[in-house]
Amino acid sequence: MNLSINEYTVEIDNGYMKVQMPKIDQHEISSDGNKNDIIESNSLRQDVQIDAINMENFSDDKTEEAKGSAADTIIPESVLQFQRQMRKVQAAKRAFSSLLQSQLQVLYSDDHICVVNKPSGVLSVPGVNSNPSMLTLVYERYMDKMKKDMERDHMIIHRLDMDTSGVIIFAKTKTSMTTLQKTFRERKVDKIYEALVCGHIDNNVQSGLIDLPLQRDHRYPPFMRVATPRSEREAKEVVKDLQHAGWKKIVKKNAKPSQTYFTILNREYVTSPSTKGDESSQEPQKLPVTRVRLVPHTGRTHQLRVHMAALGHPILGDPTYGVYGEASANAGFSEKSLDQLMPTRASLDFQLKLNHYVTEKKQVMCLHARRLELMHPVSGDVIVFEEPPLF
Numbered sequence: 001m002n003l004s005i006n007e008y009t010v011e012i013d014n015g016y017m018k019v020q021m022p023k024i025d026q027h028e029i030s031s032d033g034n035k036n037d038i039i040e041s042n043s044l045r046q047d048v049q050i051d052a053i054n055m056e057n058f059s060d061d062k063t064e065e066a067k068g069s070a071a072d073t074i075i076p077e078s079v080l081q082f083q084r085q086m087r088k089v090q091a092a093k094r095a096f097s098s099l100l101q102s103q104l105q106v107l108y109s110d111d112h113i114c115v116v117n118k119p120s121g122v123l124s125v126p127g128v129n130s131n132p133s134m135l136t137l138v139y140e141r142y143m144d145k146m147k148k149d150m151e152r153d154h155m156i157i158h159r160l161d162m163d164t165s166g167v168i169i170f171a172k173t174k175t176s177m178t179t180l181q182k183t184f185r186e187r188k189v190d191k192i193y194e195a196l197v198c199g200h201i202d203n204n205v206q207s208g209l210i211d212l213p214l215q216r217d218h219r220y221p222p223f224m225r226v227a228t229p230r231s232e233r234e235a236k237e238v239v240k241d242l243q244h245a246g247w248k249k250i251v252k253k254n255a256k257p258s259q260t261y262f263t264i265l266n267r268e269y270v271t272s273p274s275t276k277g278d279e280s281s282q283e284p285q286k287l288p289v290t291r292v293r294l295v296p297h298t299g300r301t302h303q304l305r306v307h308m309a310a311l312g313h314p315i316l317g318d319p320t321y322g323v324y325g326e327a328s329a330n331a332g333f334s335e336k337s338l339d340q341l342m343p344t345r346a347s348l349d350f351q352l353k354l355n356h357y358v359t360e361k362k363q364v365m366c367l368h369a370r371r372l373e374l375m376h377p378v379s380g381d382v383i384v385f386e387e388p389p390l391f
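Okay, here's the thing in structure tokens:
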């Protein structure tokens, strides 16, 4: 089955789904002559032997994009703003909540590295406000055993979003820090995530590739969205008028090629409590969700979350790209587009019902960094760490 519109194209062949952008002239995206991003994307497609789908008749004038965030069109403004403000308050509360050493689940530790399982709702690193974080707990536990010149921030190798749970590694020596940072930078790390997404993904699909470039959302900075020629041109115009220096710096960056492989593990149901005041929902409802394995080939900001939102199956509980999120709806794509390309997508009404399920769980967002495989920075041995999710 092949489906295409002006924004992207979907091909399903023997259970494998390929979601790609049309072929775009390199000058469409980069007006400063820097073609590296598009060249990287094209060469990557050849390297993994993926057949690009020819859409040279792409007409950007007809492109339809989301004009607001996901819930803008069906939820009263007062309710929407209340929900968003409440989520900000809840996020701030989580970020400032004190952490105890008993909350530190160490999966592995030696003289060079420490690997932990980060809970959902906890920061990986303190940030500008010096919030409690996993880094703080790890440093406090091992600081007496590390060299004096090994400062807390030297332990940072990578991060997980606050509401993403899972395996994260820290360095204990400067040598390990340098080696591990190089390993991550050169993509010599295999990372596997597990997630629950809203709705059942098409029954004809068992696995696939999402190959959609990402950019900072010029309409809703600092969030991310899928890049199109139109959104790139708009971003370059918006930069001229942005007063916030920080927003201007990130929005003006070129789009980056982004690839995510996914495998469907199971199509499941979660039980959602009845909604007060909803006479049609007096009994708990069984709502469909899909458990997926996600493997990022690239490591862009919020990549997995944006890519799943672009398919119309956002990650369950996603506070930014889900139903009450402030980012562009459907990663920037219009409702009409998704209706054509993803007829089984989770509707906004359905996402609202699922939201009641998420609010009862300790897992803020159902995204978990399940597996991390890389070479030990000192021994050179391949080391693998895996921890299943709580959801």
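Counting from 1, one number per residue, gives the positions in the sequence shown under UniProt numbering. For glycine and all other residues, C-beta sits at the position ideal for the given N, C-alpha and C.
State the beta-bridge partners of P288 as determined by DSSP. Locating residue 288 in the sequence shown gives position 288, where the first residue counts as 1. Beta-bridge pairing links P288 to Y269.
Which residue from K147, K253, G15, L100 puts its Cα closest to that of L135? Residue 135 sits at position 135 when you count from the first residue of the sequence shown. Checked all of K147, K253, G15, L100; the closest Cα to L135 is L100.
List, from N- to C-terminal side, the beta strand (DSSP E) runs of 3 residues or more that fit wholly inside the region 185-259. 190-198, 207-211, 214-216, 224-226
Just to check my reading of the structure: F333 and V292 have Cβ atoms closer than 8 Å, yes? What is that Cβ distance to the nearest angstrom? For the purposes of this step, residue 333 is taken as residue 333 along the sequence shown, with counting starting at 1. For the purposes of this step, residue 292 is taken as residue 292 along the sequence shown, with counting starting at 1. Taking C-beta atoms under 8 Å as the contact rule, F333 and V292 fail to qualify, at a distance of about 19 Å.
Going along the chain, which residues of its own chain have a beta-carbon closer than 7 Å to the beta-carbon of Y142, five neighbours each way excluded? One-based indexing of the sequence shown puts residue 142 at position 142. Cβ within range, chain order: C114, K172.
Cβ of V289 within 8 Å of Cβ of G166? Here residue 289 is taken as the residue at index 289 of the sequence shown, counted from 1. Here residue 166 is taken as the residue at index 166 of the sequence shown, counted from 1. No, the pair does not count as a contact, with Cβ atoms beyond the cut-off.
Please report the Cβ distance between L287 and V323, rounded to the nearest whole angstrom; I am assuming they are in contact, meaning their Cβ atoms lie under 8 Å. Locating residue 287 in the sequence shown gives position 287, where the first residue counts as 1. Locating residue 323 in the sequence shown gives position 323, where the first residue counts as 1. That belief does not hold up - the Cβ atoms of L287 and V323 are roughly 13 Å apart, past 8 Å.
N-terminal and C-terminal residue of the alpha helix (DSSP H) that N117 is part of: Numbered from its first residue, the sequence shown carries residue 117 at position 117. Premise fails: N117 lies in the beta strand (DSSP E), 113-118, not in any alpha helix (DSSP H).
Pairwise C-alpha distance: E237 and N330: Here the question's residue 330 lines up with position 330 in the sequence shown. Here the question's residue 237 lines up with position 237 in the sequence shown. Across the structure, N330 and E237 are spaced so that their CA atoms are roughly 22 Å apart.
Local conformation of S176 per DSSP, three classes: Position 176 of the sequence shown holds residue 176. Three-state DSSP puts S176 in a helix.
When the Cα of F184 is compared with those of E373, V226, V106, which residue comes out closest? On the sequence shown, residue 184 is found 184 positions in, with the first residue counted as 1. Comparing Cα-Cα distances from F184 to each of E373, V226, V106, the minimum goes to E373.
Taking E335 as part of the alpha helix (DSSP H), name the residues at either end of that continuous run. The residue you call residue 335 lines up with position 335 of the sequence shown. First-last of the alpha helix (DSSP H) with E335: 335-341.
On a Cα-Cα basis, can you pick out the residue from G299, T271, L354 that is closest to Q259? Here residue 259 is taken as the residue at index 259 of the sequence shown, counted from 1. Among G299, T271, L354, the Cα nearest to that of Q259 belongs to G299.
Would you say T164 and L367 are within 8 Å of each other, going by their C-beta atoms? Within the sequence shown, numbered from 1, the residue matching residue 164 stands at position 164. Within the sequence shown, numbered from 1, the residue matching residue 367 stands at position 367. In this structure, L367 lies closer than 8 Å to T164 by Cβ.
Specify, as a first and last residue, the run of the alpha helix (DSSP H) that E140 falls within. If you number the sequence shown from 1, residue 140 lands on position 140. Start and end: 134-142.
Contact between the region 9-21 and the region 204-224 (3+ Cβ pairs under 8 Å): yes
Measure the alpha-carbon distance for D32 versus R233 and round it to whole angstroms. Numbered from 1 along the sequence shown, position 32 holds the residue referred to as residue 32. Numbered from 1 along the sequence shown, position 233 holds the residue referred to as residue 233. With a pLDDT of only 41 at D32, under the threshold of 50, the placement of this residue in the model should not be trusted; the figure read from the coordinates follows. Between D32 and R233, the C-alpha separation is close to 12 Å.
Simplified DSSP assignment, three categories, for M308: As a first step, residue 308 is located in the sequence shown; it is residue number 308 there, counting from the start. It is helical.
Which same chain residues, not among the five before or five after H218, have their C-beta less than 8 Å away from its C-beta? Along the sequence shown, one-based indexing puts residue 218 at 218. Contacts found: S231, E234, A235, V238, V239, V251.
Beta-carbon within less than 6 Å of D161's beta-carbon, same chain only, minus the 5 sequence neighbours each way: which residues are those? Translated into the one-based positions of the sequence shown, residue 161 becomes position 161. So no residue of the chain qualifies.
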